[in-house]
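Here is the structure we will look at.
Protein chains in written order, with the UniProt record's numbering: chain A, 1 to 715; chain B, 1 to 153.
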């Protein structure tokens, strides 16, 4: 080993501080950084093996161009010229709305900010989003609806300080192992907190709980309305806090009134006693910490249910204090930056698309005409981008660092879109994937460790990841690729100077510091210099909202909010009339049944999720031998009673089929509740998303990976 | 007293509106958000009609025989393509506006009659109608540029 290079792990949203070991110009291992506030030296299995072992295997090292029915090797100049020619032709022919960009939660802050500026000020298209739409869109939406802006209220240290911990739709033992280790420390130590887990499966996380609530998929909103009602009914409400720091109590109270324990138990199929016990733990603990993840986010009333978790905390004034708060979790390591930098359905710096002053401010900063920056509606969400491509109005789609041919719902449809003659697809990745195979141009990208940049984890902690080794010859960093495109396209500002003024990562970061100055995600005090050595540093301080003042002032907020039932936007006038002025919103919504309900033909509810050993579509983790060996193949999980009824034993191969498609996989008997089956979503062969529906939450627009109806028969 | 005539008008137009939302849901299944939201809103309009029932029982309901004189035009058939979706949503907006102002008229009568029950029904249903209009406007604003500038059909 020649040297250690400072970085942080990109294999989940926890963002553990780590060092990369380099020998002879190659990465040979990683270690956790003991002084990092996120992980205190720990690393999870994916980080230990999956973060670096793929670097030397099967890499893309030359651009590919689709010619005569095949992807053929070409050089960078030819590939980039082809992209620019197509881009310019389309701009001349149909204008900016012909262009769409679909990016990731895996790139660095500097890359998102550059891409965001290319899309919004260079081309002027609203059609840009990340695959973060699939994983953290609801976290952002719920934070905006309740508190006026994105930004995680709680921090990692709150796990050490809470006396009750609630995991809502969050299988932490599989999704963030290092955070889970921190919970296990508490569970085995003195002053053990009480743990409540809401999950339709009896996961190892659920097994550790004092109360495990297993509601039917698609009923979270009913369950949470029941919990909110129980807090109010039993007087577990801090009335002073509610009066001073919130709006909407009476409407919330009226909305949850019908959700008695018995009524809720009937909808969710949980025991009323467990529900009452859960409410009591929430209502009577001194320091309550909640986390929310995909079980809530990938369901049909995603934002509504996640807002109810915020409501539980607001009702008790349990937010911003040591050990008390809420974590609307992220899925991916750099998803926070996709959200902050305007590479998803938001404007950079948590600016409000519906506030003309915010758009002006951005236009001044970038020195462009405000009309260039699309702001007639929110930036287009991913599911709508793919719909426009399907209809032929988007004809240029640039995909970076993501594999939609495995990760989007209803894969048969996605493949058809990618194969359309009239859609020009650019795919930028480190490996050949199911998606690159359907692209017109493939660009080989550098990986983590082969480039410099920063990223921000689920608790706002910013890490600098230094370049440890050179990328394989022929691969370029995503930042360099975006800068090359901007340069070749000749994007200019109002003085006819180049629109993008930086040439490297640190230049992009410094520009971002200016862009974020004065906004809730203010990076102006951070610099590469400050981020070197020691621990990562959170923006906004350790916790947000300790003073009970929320970023809801009309001139400051990121969003004016929505009707949770339909997603209708609140108008600026209506928002101002409520005079939020720093108070949080107690948002309410009735429960409505999910679009798909079990039927005679499709009697089971199917939910999808992770294995602890893999990340996403396994582009890295299947190339790490330990991880691949631990979980090489997909499976379907059934409850013992359902398996019995179908006459199935462990290992029998079955076809799991929805209206849209099927997989053929072996049976595992175990953790599901009756009537519910589970498929892991990592595997490109026998992919779970062959089955999932093209449906999304009305506010966050996050797809419903957790709710489809299926039938099962032996093959 | 002409309140019965207006209650009849309101009742009929709620039926027309719910039916129209269901038609649009059915005709635009390829836009899943439109399909699902229209269904949710249609069932809430059914709820409005139910809330109106006890009032109708009290005042009676006079259904106008000549629809073109008082009724909103019925929704006929969904269209296709980006512009088609836009036009269908716009038709819903017009129908929804019609029930909105009809609720207003009935609400004014309720105040004149000091009918607390009817005033409460009107207040709840007006909010619900505002939600329909807000959603339609949001969706129309989102779709318009793409449909008018780049859509192929």
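Virtual Cβ for every residue (Gly too), placed ideally from N, Cα, C.
Since the model is a prediction, treat every value here as computed from it, not as a measurement.
Take residue i and list the residues in its own chain whose beta-carbon comes closer than 7 Å to its own, dropping the five residues that flank it on each side.
i                      : result
residue 720 of chain A : Given a span of 1 to 715 for chain A in the structure shown, any question on residue 720 of chain A remains unanswerable.
residue 343 of chain A : 103, 112, 115, 116, 128, 130
residue 486 of chain A : 118, 122, 499, 500
Leaving out five residues on either side along the sequence, give the residues of the same chain with a beta carbon under 6 Å from the beta carbon of residue i.
i                      : result
residue 581 of chain A : 553
residue 11 of chain A  : 46, 47, 50, 51, 615
residue 178 of chain A : 14, 16, 39, 42, 44
residue 700 of chain A : 137, 138, 141, 302, 303
residue 516 of chain A : 349, 522, 523
residue 800 of chain A : The displayed coordinates of chain A run from 1 to 715. Any statement about residue 800 of chain A would go beyond what the structure contains.
residue 200 of chain A : 214, 217, 673, 676
residue 158 of chain A : 289, 323, 325
residue 253 of chain A : 232
Here's the rule I'm using: 16 or more other beta-carbon atoms within 10 Å means buried, otherwise exposed. How should residue i be labelled?
i                      : result
residue 58 of chain B  : exposed
residue 123 of chain B : exposed
residue 719 of chain A : Within the shown structure, residues of chain A are numbered from 1 to 715, placing residue 719 of chain A beyond reach of any answer.
residue 633 of chain A : exposed
residue 495 of chain A : exposed
residue 146 of chain B : buried
residue 150 of chain A : buried
residue 451 of chain A : buried
residue 449 of chain A : buried
residue 194 of chain A : buried
residue 339 of chain A : buried
residue 281 of chain A : buried
residue 2 of chain B   : exposed
residue 483 of chain A : buried
Check for me: the beta strand (DSSP E) holding residue i runs from which residue to which?
i                      : result
residue 212 of chain A : 211-213
residue 688 of chain A : First-last for residue 688 of chain A: undefined, no H or E at that position.
residue 129 of chain A : 128-130
residue 419 of chain A : Counting along the chain, residue 419 of chain A falls outside any beta strand (DSSP E), and DSSP gives it neither H nor E.
residue 548 of chain A : Where residue 548 of chain A is concerned, there is no enclosing beta strand (DSSP E), given that its DSSP letter is neither H nor E.
residue 466 of chain A : Here residue 466 of chain A belongs to no beta strand (DSSP E), and DSSP marks it neither H nor E.
residue 313 of chain A : Segment 302-316 is the alpha helix (DSSP H) holding residue 313 of chain A; no beta strand (DSSP E) there.
residue 70 of chain A  : 70-73
residue 455 of chain A : 453-456
residue 678 of chain A : 676-680
residue 699 of chain A : Note, residue 699 of chain A: premise wrong, no beta strand (DSSP E); not H, not E.
residue 593 of chain A : Premise fails: residue 593 of chain A is in no beta strand (DSSP E) and is neither H nor E.
residue 669 of chain A : 662-669
If I follow the unbroken alpha helix (DSSP H) through residue i, where does it start and stop?
i                      : result
residue 410 of chain A : Looking at the DSSP string, residue 410 of chain A is not in any alpha helix (DSSP H), and its letter there is neither H nor E.
residue 108 of chain B : 81-112
residue 507 of chain A : 505-516
residue 249 of chain A : 249-256
residue 272 of chain A : 272-284
Taking C-beta to C-beta, are residue i and residue j nearer than 7 Å?
i                      : j                      : result
residue 608 of chain A : residue 687 of chain A : no
residue 304 of chain A : residue 586 of chain A : no
residue 289 of chain A : residue 325 of chain A : yes
residue 211 of chain A : residue 228 of chain A : no
residue 283 of chain A : residue 234 of chain A : yes
residue 311 of chain A : residue 458 of chain A : no
residue 423 of chain A : residue 481 of chain A : no
residue 695 of chain A : residue 595 of chain A : yes
residue 617 of chain A : residue 403 of chain A : yes
residue 567 of chain A : residue 378 of chain A : no
residue 394 of chain A : residue 95 of chain A  : no
residue 360 of chain A : residue 370 of chain A : yes
residue 512 of chain A : residue 460 of chain A : no
residue 23 of chain B  : residue 78 of chain B  : yes
residue 20 of chain B  : residue 92 of chain B  : yes
Only counting the same chain, and skipping five residues up and downstream in sequence, which positions put a Cβ closer than 8 Å to that of residue i?
i                     : result
residue 96 of chain B : 17, 129, 132, 133, 136
residue 7 of chain B  : 52, 55, 56, 59, 60, 61, 62, 106
Does residue i come within less than 7 Å of chain D when only Cβ atoms are used?
i                     : result
residue 49 of chain B : No chain D appears in this structure, whose protein chains are A and B.
Checklist entry - Closer than 9 Å, Cβ to any Cβ of chain A: which residues of the segment 18-32 of chain B, in chain order? => result 30, 31, 32
Checklist entry - In the segment 360-384 of chain A, which residues sit with their C-beta less than 7 Å from some C-beta in chain B, listed in chain order? => result 376, 377
Checklist entry - Looking at chain B, which residues of the segment 333-356 of chain A have a Cβ within less than 9 Å of any of its Cβ atoms? => result none
Next on the checklist: Beta carbons nearer than 9 Å to chain B: which residues of the segment 563-588 of chain A have them?
Outcome noted: 563, 565, 566, 567, 568, 569, 570, 571, 574
Checklist entry - Got a sec: which bits of the segment 70-94 of chain B sit with their beta carbon under 7 Å from any beta carbon on chain A, in order along the chain? => result Legend: CB atoms of the segment 70-94 of chain B lying less than 7 Å from CB atoms of chain A belong to residues 82.
Item to check | Contacting positions in the segment 133-150 of chain B - beta carbon closer than 7 Å to chain A | outcome: Near chain A, meaning a CB-to-CB distance below 7 Å, the residues of the segment 133-150 of chain B are 134, 135, 138, 141, 142, 145, 146, 149, 150.
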